[in-house]
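**Student:** Before I ask anything, here is the structure I am working with.
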Amino acid sequence: MVSKNGFKTTEARSTLMSNIKCKNTKTEVLFRKALWAYGIRYRVNNNSLFGKPDISIKKYKLVIFIDGAFWHGYNWEQKKKKLAANRGYWINKIERNILRDINVNSYYINQGWTLFRFWEHDVIKNVGSCVHQVGIEIAVKEKQLLID
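As numbered in the numbering used here, residues -18 to 129 make up the sequence shown, in order.
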C-alpha cells in the first residue's frame, strides 16, 4: 500500500495513523475539565482564531495550546536522530510543525494576546499546576479590566 504522501505503508500502520486525533484528545479533555472545575469558562477549537487554539478566552485575549511531544518536537534534536522509518518525511513534517508553532506564537504576542503552550506530558503529570498558571493570568487580566 502507498500512502497519499507516496510512502509505502502497511494497512495496519495506515489504520493506526488515521486514528490519531488532532482535537479532543484525552489530555485536552482532562485539561478542559480541570479549567471548568477551577471556574474558568472557555471556547474549544475556535476556527475563527489564528492557529486554531485548543482553548480560547477572547474576553481575556488568551489562547491555550496542548502540544503532543512527538508532533510538536519536544527534545527534537535528540529525537530526530533516532527516527528510522520514513526519516525524511518525519523530519520535514515535525520541523514544519515547529515552525508553524513559532509563527502562531509570534502572531499572538504581536497582537497583545497571552499564549500558553503546555506539553501533553506536563498536563498529564500535573494538570492542577497548568490550570493554576492560567488562573493567575486571568486574575491579572480581570484586575486590568476593572481598572480600564
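Cβ coordinates follow ideal geometry from the N, Cα and C atoms, glycine included.
As a quick exercise: from D129, E118 and I105, pick the residue whose alpha carbon is nearest that of V10.
**Tutor:** I105
**Student:** Within the same chain, show all residues whose beta-carbon is closer than 6 angstroms to that of I75, passing over the 5 residues directly before and after it, in chain order.
**Tutor:** Once the five neighbours on either side are set aside, the close Cβ partners of I75 are G54.
**Student:** Does the beta-carbon of D129 have 16 or more other beta-carbons within 10 angstroms, so that it is buried, or is it exposed?
**Tutor:** D129 should be labelled exposed.
**Student:** Going by DSSP in three states, S37 sits in which element: helix, strand or coil?
**Tutor:** strand
**Student:** With a 10 Å radius around its C-beta and 16 neighbouring C-beta atoms as the bar for buried, classify L64 as buried or exposed.
**Tutor:** With fewer than 16 other Cβ atoms within 10 Å, it is exposed.
**Student:** How many whole angstroms separate the CB atoms of I79 and W57, which I take to be in contact at a CB cut-off of 8 angstroms?
**Tutor:** 7 angstroms
**Student:** Under the three-state reduction of DSSP, which class applies to R98: helix, strand or coil?
**Tutor:** strand
**Student:** Between the Cα of K14 and those of Q125, I119 and C111, spot the shortest distance and give me the residue it belongs to.
**Tutor:** C111
**Student:** According to the neighbour-count rule (16 or more other Cβ atoms, all chains shown, within 10 Å of its Cβ), is F31 buried or exposed?
**Tutor:** Around the Cβ of F31, a 10 Å sphere holds fewer than 16 other Cβ atoms; the residue is exposed.
**Student:** Starting from F51 and walking both ways along the alpha helix (DSSP H), at which residues does that stretch end?
**Tutor:** A50 to H53
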